[in-house]
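Mapping of the sequence shown onto mature numbering (1 follows the signal peptide of the UniProt record, and there is no 0): residues -23 to -1, 1 to 411, in sequence order.
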Amino acid sequence: MRQSHQLPLVGLLLFSLIPRQQCEICEVSKEYYTTLNPLISTMINSKYTKGIHAANVLLSLRLGGILNPNQEQQLIQQINTAVENKKPSLTSGQLALAILALGACKGPDGISINYSELVGDLENKFQAEIKNMEDHDGNPLTNYYQLSLDILALCLFSGNYSITEVTKILDPESKNYYFHEQFSVDTGAMAVLALICVKRSITSGQNKIDTSDLENIDNHIESLIAKILSQKTENGLLGNIYSTGEAMQALFVSSDYYNKSQWVCQKTRDTVLTEISQGAFRMPTAAAQILPALMGKTYLDVNKDSSCVYGSGNFNISTQDPISVTPAVSASQIKVNYSVVINNAKDRIVVSVADGSVFLDVMEQAQKENATLFSFTVEESSWGPYITTVQGIKANNNDRTYWELLSNGEHLSQGVGSYVVHAGDDLEVRWSTY
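In structure tokens, the structure reads:
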């Protein structure tokens, strides 16, 4: 629900002096910053924090003011090199994230970033996404999460985009917000951040538009926030543990669009802190997406003209050799069932793996025993290994197809490289649509 902005002058002045309650309540107090050390260690020391995949980490740590200049320089160099060498092959969302990370704040003298060139390249990639939607039944080249990242980066870095087109794309009823008929909380949250940015650019006078577009933006934000809150769990998570960080960011910047009683952010924060202590955030991207909210920050705090802050708080930011995120395994063996399902045809095998193995270990063992039925390929991502093909069949965004991971009939929110299997599990890789 949006509250009235009509306040008496004195009340308005007093109101402006009150800290943003939502952010203040959910922010982890400085004396408890040490509870965030596992996140920071994962981000800085993970073997997956490299190349373009370092962008999410750099963005998060810069917003938190955690890095020292030397660590920052190393991450910037990795991202710059990846952008220079792989720009044509980067997805629009990867480039948008790189821009947000490189421009999160103003670094030391000597670091030169050609933002106008990067933003121009992003404009072209964004238009390619839109063209693909026109040609393929509304399906973008990537997904709505990446499209929302594109819009956010273009908005924050004065890129060119059509506000009318944005309101059309980010319509809350679009099929692209849904995954197996389930609303995608992190996708909706990123869309809210993008829409809030666009709205601020309008109300600040940077963009002139028809009043109907502003009304549509307000309605979209309100509807998306309602959908996010509808996915709130009993323990305060928003969607699942991995979507909660960006959902918190969206709720921080949209408090006019819902009643305070609808979200107890302290409960969400405390549940997240418990999950951190239990090792939930094994991948650098997962850690990077939750950290800003815990420090009261959002992606809307990105400002390339604001000087960076270094080494704030009681954090352990020592650099170690890159660590594997795979849990330790033991010498004892367990048996698990593994199946590949394509159009109701099921190929099944029972394999033995070490206790403590992850889903990927099971797939590799099955492939060793029968390469014809259980062949697969993976590529590295900031979320760890990602399944690209099984039996030579590749996922396709235009057809909305992908390889779904299941354990005991339940869809997995963890990746193939981080889900720890248990004796007797029924694991499945299923050719699915979304």
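Don't be surprised by glycine CBs; every beta carbon is placed ideally from N, CA and C.
This structure is a prediction, so every number in the text was calculated from the model and none was measured.
Could you please give me the residues that DSSP links to residue i through a beta bridge?
i, result
"Ser384", "Glu387 and Leu404"
"Asp332", "According to DSSP, Asp332 bridges with nothing at all."
"Gln159", "Phe156"
"Glu356", "Tyr363"
"Ala322", "Ile319"
"Thr378", "Asn373 and Thr410"
"Lys83", "Ser284"
Taking residue i as part of the alpha helix (DSSP H), name the residues at either end of that continuous run.
i, result
"Tyr122", "Tyr121 to Leu133"
"Phe351", "Ala348 to Phe351"
"Ala264", "Pro261 to Leu271"
"Tyr138", "Segment: none, Tyr138 is in no alpha helix (DSSP H) and carries neither H nor E."
"Gln243", "Cys242 to Ser254"
"His197", "Thr188 to Ser207"
"Asn101", "Tyr92 to Asp112"
"Glu223", "Thr221 to Phe229"
Excluding the 5 residues preceding and the 5 following residue i in the sequence, name in chain order all residues of the same chain whose CB lies nearer than 7 Å to its CB.
i, result
"Ser395", "Arg259, Met260, Val302, Val335 and Gly361"
"Ile300", "Reliability of the predicted coordinates at Ile300 is poor, the pLDDT of 47 falling under 50, and no value is obtained from them."
"Lys204", "Pro149, Phe160 and Gly165"
"His113", "Asn375"
Excluding the five sequence neighbours on either side, which residues of its own chain have a C-beta within less than 8 Å of the C-beta of residue i, listed in chain order?
i, result
"Glu357", "Tyr25, His30 and Tyr363"
"Gln266", "Asn33, Ser37, Asp163, Tyr219, Gly222 and Glu223"
"Val398", "Ile311, Val313, Val330, Ser334, Val335, Phe336, Asp338, Val339, Ser384 and Leu404"
"Arg39", "Glu49, Ala78, Ala81, Cys82 and Cys285"
"Pro(-5)", "Confidence at Pro(-5) is low in this model, with a pLDDT of 38, below 50, so its placement is unreliable and no value can be given for it."
Leaving aside the five residues before and after residue i along the sequence, list all residues of the same chain whose C-beta is less than 6 Å from its C-beta, in chain order.
i, result
"Leu95", "Ile76"
"residue 418", "Outside the displayed span of the chain (-23 to 411) sits residue 418, for which this structure offers no information."
"Met110", "Pro117"
"Gly288", "Asn45"
"Asn314", "Val327 and Asp403"
"Thr210", "none"
"Thr354", "Thr365 and Thr366"
"Tyr138", "Leu131"
DSSP three-state label for residue i, please.
i, result
"Pro65", "helix"
"Leu44", "coil"
"Asp282", "coil"
"Asn373", "strand"
"Thr303", "Confidence at Thr303 is low in this model, with a pLDDT of 49, below 50, so the placement of that residue should be treated as unreliable; the coordinate-derived value is given next. Reduced to three states, the DSSP call for Thr303 is coil."
"Ser181", "coil"
"Val398", "coil"
"Ser23", "strand"
"Leu214", "coil"
"Val393", "coil"
"Val327", "strand"
"Ala78", "helix"
"Val60", "helix"
"Thr144", "helix"
"Ile173", "helix"
"Tyr10", "helix"
Restricting to Cα atoms, I'd like to know which of the options is closest to residue i.
i, options, result
"Ser6", "Gln243, Lys204, Ser238 and Asn116", "Gln243"
"Gly70", "Ser161, Val279, Tyr121 and Tyr92", "Tyr121"
"Pro65", "Gln48, Gly84, Leu74 and Asp98", "Asp98"
"Tyr9", "Asn320, Leu250 and Ala400", "Leu250"
"Asp376", "Gln208, Ile194 and Thr410", "Thr410"
"Gly28", "Pro15, Ile140, Ile194 and Ile56", "Ile56"
"Ile43", "Phe134, Asn280 and Asn14", "Asn14"
"residue 436", "Val318, Glu341, Asp324 and Asn347", "This structure does not reach residue 436, given that the chain is present from -23 up to 411, and the question cannot be answered."
"Leu133", "Ser178, Glu158 and Thr19", "Ser178"
Specify, as a first and last residue, the run of the beta strand (DSSP E) that residue i falls within.
i, result
"Ile311", "Gln310 to Ile319"
"Thr365", "Gly361 to Val367"
Hey, would you say the C-beta of residue i is under 7 Å away from at least one heavy atom of the ligand HEM?
i, result
"Asp190", "With respect to the ligand HEM, the structure offers nothing, as it holds no ligand at all."
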